[in-house]
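Report on the following structure.
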Amino acid sequence: MIRFILSRLLYLVPTFIGITIIAFSFPRFLAGDPVLLMAGERGVSPERHAELTAQLGYDKPLVMQYFDFLGRLLQGDFGTSLVTKKPVFTEFLSLFPATVELGMVAIFIAVVLGVPIGVIAAIKRGSWFDQFSMTAALVGFSMPIFWWGLLLIIFFSGYLGWTPVSGRISLMYFFPNITGFMLIDSLLSGQDGAFASAAQHLILPSVVLATIPLAVIARQTRSAMLEVMSEDYVRTARAKGMPRRRVIGVHALRNALIPVVTTIGLQIGVLLAGAILTETIFSWPGIGKWMIDSISRRDYPAVQSGLLLIAGVVMVVNLLVDLTYGLINPRIRHR
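Numbered as in the working numbering, the sequence shown ends at 389 without a single skipped number.
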């Protein structure tokens, strides 16, 4: 197992280097001068512009700028935002709980609904439920997130008035930010209606964010179940007269969940990517909205360090999924 863990850790080294190159290069492809954007409407004189450019290191060749960036990263310095003048890592930590809370609720919805739908669709293969659920999954997977989000806002917020349009909680509630997770902090505040307000604000963003992972998990579960149910050991269990519920629950589902666990882990990366659009649509104050705002303001340090931190989270999650996969299926460790 130790050898398996070390091999997976070694894979992270070239991945990390590749991500640093992408994170460093991406802001450079954006149009606009970050120094002019930092100065705002007041503008700067040519002399001051040259001074600021040299001060920020933007006058150096790109290769030198990259190694400067890499050197600061290795020292734990993610840079300072050109707009807010705050350390990027501090801003990331203050906003990350909002994205984590949204992502956790979304993946919970996707797993709780996706796995049972996939199992039932496999058991009732060819039925109306199978055809309807798989068609809905295909539609959900293909649907643009921004269009789906706007559709839900128009219907549930605009027409029915059931859910808020934006934000994490109503402005009438105010309490200290203890954990960063609004559901927990609203409970700790003890204010009547605060938790309900926080939950209402989570409904639409989490449903929108969960749509694609739910579709993928449902289809993956169905495929895995159909494959496992055709195996000899499942047919043998049936031939022995074992109850159908036990055959499906003990023999089929347990083995079918192995690839589904991997799929769930990979979907966490999809969730972070989808959060960028979802948080923008619902004005959700998380990492996704922060990244979009940073890109529009050409805030180089925030964009490149934000990309790197998000990629780091995805890498850690995928590593944990790999290790979990190795624990569930020991044969994987020897491949």
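Beta carbons: idealized from backbone N, C-alpha and C, even for Gly.
DSSP three-state assignment for residue i, whether helix, strand or coil
i	result
Thr290	helix
Gly215	coil
Arg351	coil
Gly194	helix
Met279	helix
Tyr227	coil
Ile335	helix
Val315	helix
Gln129	coil
Lys343	helix
Met236	helix
Cβ-based burial, residue i [other Cβ within 10 Å; buried from 16]
i	result
Thr233	exposed
Gln358	buried
Pro259	buried
Glu155	buried
Trp202	buried
Gly360	buried
Asn231	exposed
Ile364	buried
Met226	exposed
Contacting residues, own chain, Cβ-Cβ under 8 Å from residue i (five flanking each side not counted)
i	result
Thr69	Met369
Ser135	Pro141, Val142, Glu145, Ser348, Asp353, Pro355, Ala356
Ile271	Ala164, Val165, Gly168, Val169, Gly172, Val314, Thr317, Ile318, Gln321
Residue i beta carbon near the ligand GDP (any heavy atom closer than 7 Å)
i	result
Phe143	By its list of ligands, the structure shown contains no ligand whatsoever, and the ligand GDP lies outside what it can speak to.
Sheet register partners of residue i (DSSP bridge)
i	result
Thr134	Pro141
Rounded straight-line distance, which links the Cα of residue j to that of residue i
i	j	result
Pro198	Leu331	10 Å
Arg273	Leu116	45 Å
Ala356	Leu320	25 Å
Leu326	Gly295	46 Å
Met188	Ala175	8 Å
Ala152	Leu205	23 Å
Arg299	Val165	21 Å
Thr378	Pro81	35 Å
Val173	Gly133	48 Å
Gly180	Val375	32 Å
Phe200	Tyr112	35 Å
Val98	Thr107	11 Å
Leu373	Ile161	18 Å
Gln245	Asp239	10 Å
Phe249	Thr217	14 Å
Arg222	Phe209	19 Å
Ala253	Leu237	7 Å
Ile207	Ile335	9 Å
Leu263	Gly157	8 Å
Val219	Val261	13 Å
Met118	Phe183	59 Å
Own chain, CB closer than 6 Å to residue i, minus 5 neighbours either side, in chain order
i	result
His305	Val288, Ala291
Gly342	Ala329, Ile330, Glu333
Val282	Ala306, Asn309, Ala310
Arg276	Gly172, Ala175, Ala176
Leu256	Val159
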